[in-house]
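Protein chains: 2
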Amino acid sequence: MNRIDREGRFIEPNPIADDGDDIHFCSTCAFGSACLPAGVDKTALRELHVLVEHIGPYRAGAQIFRQGERFGAIYAVRGGVVKTCVTDNEGREQVLGFHLPGEVIGLNAIHPERYPCDAVALDTVYVCRFSFAALTTLAAKIPDVQRTLFRLLSADIGKATALAGDHTADERMAAFLLDLSRRYAERGFSSHRYRLVMPRGDIANHLRLASETVSRVLRRFCDRQWIRVDGRELEILDSAQLRTIGQALLPE
Amino acid sequence: MNRIDREGRFIEPNPIADDGDDIHFCSTCAFGSACLPAGVDKTALRELHVLVEHIGPYRAGAQIFRQGERFGAIYAVRGGVVKTCVTDNEGREQVLGFHLPGEVIGLNAIHPERYPCDAVALDTVYVCRFSFAALTTLAAKIPDVQRTLFRLLSADIGKATALAGDHTADERMAAFLLDLSRRYAERGFSSHRYRLVMPRGDIANHLRLASETVSRVLRRFCDRQWIRVDGRELEILDSAQLRTIGQALLPE
DNA sequence: TCTCGACCCTGATCCAGGTCAAGCCGCCAA
DNA sequence: TTGGCGGCTTGACCTGGATCAGGGTCGAGA
Chain W
412 MNRIDREGRF IEPNPIADDG DDIHFCSTCA FGSACLPAGV DKTALRELHV LVEHIGPYRA
472 GAQIFRQGER FGAIYAVRGG VVKTCVTDNE GREQVLGFHL PGEVIGLNAI HPERYPCDAV
532 ALDTVYVCRF SFAALTTLAA KIPDVQRTLF RLLSADIGKA TALAGDHTAD ERMAAFLLDL
592 SRRYAERGFS SHRYRLVMPR GDIANHLRLA SETVSRVLRR FCDRQWIRVD GRELEILDSA
652 QLRTIGQALL PE
Chain L
412 MNRIDREGRF IEPNPIADDG DDIHFCSTCA FGSACLPAGV DKTALRELHV LVEHIGPYRA
472 GAQIFRQGER FGAIYAVRGG VVKTCVTDNE GREQVLGFHL PGEVIGLNAI HPERYPCDAV
532 ALDTVYVCRF SFAALTTLAA KIPDVQRTLF RLLSADIGKA TALAGDHTAD ERMAAFLLDL
592 SRRYAERGFS SHRYRLVMPR GDIANHLRLA SETVSRVLRR FCDRQWIRVD GRELEILDSA
652 QLRTIGQALL PE
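Top line first, the protein sequences correspond to chains W and L.
First residue of the first sequence? That's 412 in the numbering used here, and the numbers climb one at a time after it.
First residue of the second sequence? That's 412 in the numbering used here, and the numbers climb one at a time after it.
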């Protein structure tokens, strides 16, 4: 499954948590604790598994949902990386985030009752679709499901506010790299070596920078031996240094 | 109740929706539809009213909750204006938002299970305290309560992402003024004339600007006859112009 | 093999907004 | 009445990062 790049280094396989084994996948998913047998009564659990639809593959560039579409479901990324972005009425795009396997997207659509953003596959993507109506019904019956939903929603507020702050390019970049590192680690992937699946321009947009600045900051981090970059492959050499720079942006 | 300022103009009373009449206040509150009799069964409704604690007054500068405190409840602002802000580990403060009567704060504390920010009274403040544990129990019984909570949470994600975008000082300021205008209007106050209860420094911080820049932008808007400013009193003269500037930041 | 286009990097220049400094106003307390 | 203080404004200057311009690399397709 692993392949070797032109310099003879091992490349991790695409981050697809789905190895065909539902239980294993679900253990890495944000709904894990709610979906998996955890003292929950069996029939309710079956209902949850029934309301999940597995969808995919989406090819790079394909849209999982579109801005303005009527809200009906939230999605858990099963494999691949998804980018969410809004286009304002002047046509300017803003990248809201990148979503790794196990993470949930579409929660910001509950209130407006329409998806306020596009969700675009950055590579080959698989998702689980949860009908939101069915999910709320279930949430009323299974406290764990309700609790999980509240927590996911609340966590998204925190994520959104972190980037709203006033920080230098270096701080934002350091925080971004560490955040990806942590999230990959949480899902069972390497924390110090991963692939930046998205183009530089998307990173730049997301961090409110120009893509030129992203290049320069990465260069600077390389020169200081904090990271190693080869195209989109990234290796973190000195996470402590990154942390001293980026900690203002990171959760405690 | 109204008073007259030193130039002989009428000043609106402080925005306190609480006129001593629960039903009237609740009709302007974000929990309104859930709290008020709306075909909900009577005993459940009574439970909701029982779990609400009325707290206040807080004097300007007093804290409703503190960053790091264990999460236990969410709060609806009943009267006055509340500012929420985080202090990062370098001691830099970031103002997350200003909260008017009828708005709910503390939702970002559900996931970390600690308040991630301070909530500070900017003037004389009254709040309703909702024990979150009790509220979730009730949410499982009354679909409307659950729905309201999901919507409030989801809306907060949207609010947080709006400010995370890359915009000029003029755009952010225009959007900020219009947003306050809309929110005051929603709660039954004047939409074209209100008081900026917070100091310029807090506005600046919230919009990721220097307070000098806030002064200059307001000056510019005055020169163009879009607004009138007298100290903290604000009047919107040309909301259409503000909208053409600020619309990129505003919900459709 | 060549070409094309998407993506990335780097250097030169520019500018929005930050920083610094000074002064004003209103308020309170002595 | 004076003085001190916190908040606001204005002007002069500086800078981080945007913008502009040019060139390099790689992969896909002819």
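By construction, the Cβ of each residue, glycine as well, lies at the ideal position given by its N, Cα and C atoms.
Asked, Found
"Where Pro512/W falls, given that 16 or more other Cβ within 10 Å makes a residue buried", "buried"
"Contact under 9 Å by Cβ, Gly491/W with Leu533/W", "yes"
"Identity of the residues DSSP links to Glu504/L by a beta bridge", "Thr498/L"
"Glu501/W at chain L interface by Cβ criterion, 9 Å", "yes"
"CB contact flag (Asn519/L, Ile485/W, <9 Å)", "no"
"Member of Phe561/W, Arg470/W, Gln505/W whose CA lies at the smallest distance from the CA of His617/W", "Gln505/W"
"CA nearest to the CA of Gly642/W, picked from Leu629/W, Leu653/W, Gln636/W", "Leu629/W"
"Euclidean distance between Cα positions of Glu464/W and Pro662/W", "33 Å"
"Ala575/W beta carbon less than 9 Å from that of Leu574/L", "yes"
"Cβ-based contacts, 7 Å cut-off: residues of the segment 574 to 590 of chain L near chain W", "Leu574, Ala575, Gly576, Asp577"
"Simplified DSSP state of Leu708/L, which is helix, strand or coil", "The displayed coordinates of chain L run from 412 to 663. Any statement about residue 708/L would go beyond what the structure contains."
"Contacts around Gly508/L, its chain only, beta-carbon distance under 8 Å, and the 5 residues preceding and following it disregarded", "Lys494, Thr495, Lys570, His617"
"Beta-carbon neighbours of Ser565/L, restricted to chain W and to distances below 9 Å", "Leu518, Asn519, Ala520, Ile521, His522, Pro523, Leu564, Asp567"
"Closest residue to Ala550/L among Gly479/W, Phe561/W, Ser542/W, Phe543/W (Cα-Cα distance)", "Phe561/W"
"Cutoff 9 Å: Arg643/W Cβ touching any chain L Cβ", "no"
"CA-to-CA distance, Tyr537/L to Arg489/L, given in whole angstroms", "5 Å"
"Own chain, CB closer than 6 Å to Gln557/L, minus 5 neighbours either side, in chain order", "Ala550"
"Own chain residues within Cβ distance below 6 Å of Ala580/W, not counting five before or after", "Leu620, Thr624, Val628"
"Contact list for the segment 534 to 559 of chain L against chain W, Cβ threshold 8 Å", "Thr547, Ala550, Ala551, Lys552, Pro554, Gln557, Arg558"
"Bridge partners - Leu645/L, DSSP secondary structure assignment", "Tyr605/L, Val640/L"
"Residues that DSSP places opposite Asp465/L in a beta bridge", "The question names Asp, yet the displayed sequence has His at residue 465/L. BP columns for His465/L point to Cys539/L."
"Amino acids of chain L, ordered along the chain, whose beta-carbon sits closer than 7 Å to that of Pro527/W", "Gly569"
"Cβ-Cβ separation, Glu582/L to Ile638/L (assumed contact under 8 Å), whole Å", "15 Å between Cβ atoms; not a contact."
"Residue interval of the beta strand (DSSP E) (run including Asp529/W)", "529 to 532"
"Cβ-Cβ distance between Phe541/L and Ile521/L below 9 Å", "no"
"Reduced DSSP secondary structure (H/G/I, E/B, other) of Arg477/L", "coil"
"Reduced DSSP secondary structure (H/G/I, E/B, other) of Ala484/L", "strand"
"Beta-carbon neighbours of Ala659/W, restricted to chain L and to distances below 8 Å", "Asp499, Asn500, Glu501, Arg503"
"9 Å Cβ cutoff, Pro610/W in contact with chain L", "no"
"Residues that Arg619/L contacts on chain W, provided the C-beta gap is smaller than 7 Å", "Asp577"
"Buried versus exposed, by CB contacts within 10 Å (16 or more), Gly479/L", "exposed"
"Alpha-carbon spacing of Ser592/W relative to Arg604/W, whole angstroms", "8 Å"
"Assigned secondary structure, His510/L (DSSP; H/G/I helix, E/B strand, else coil)", "strand"
"Where the alpha helix (DSSP H) containing Arg562/W begins and where it ends", "554 to 573"
"Option in Gly612/L, Asn500/L, Pro527/L with minimal Cα separation from Ser565/W", "Pro527/L"
"Residue span of the alpha helix (DSSP H) that contains Gly612/L, given as start and end", "611 to 617"
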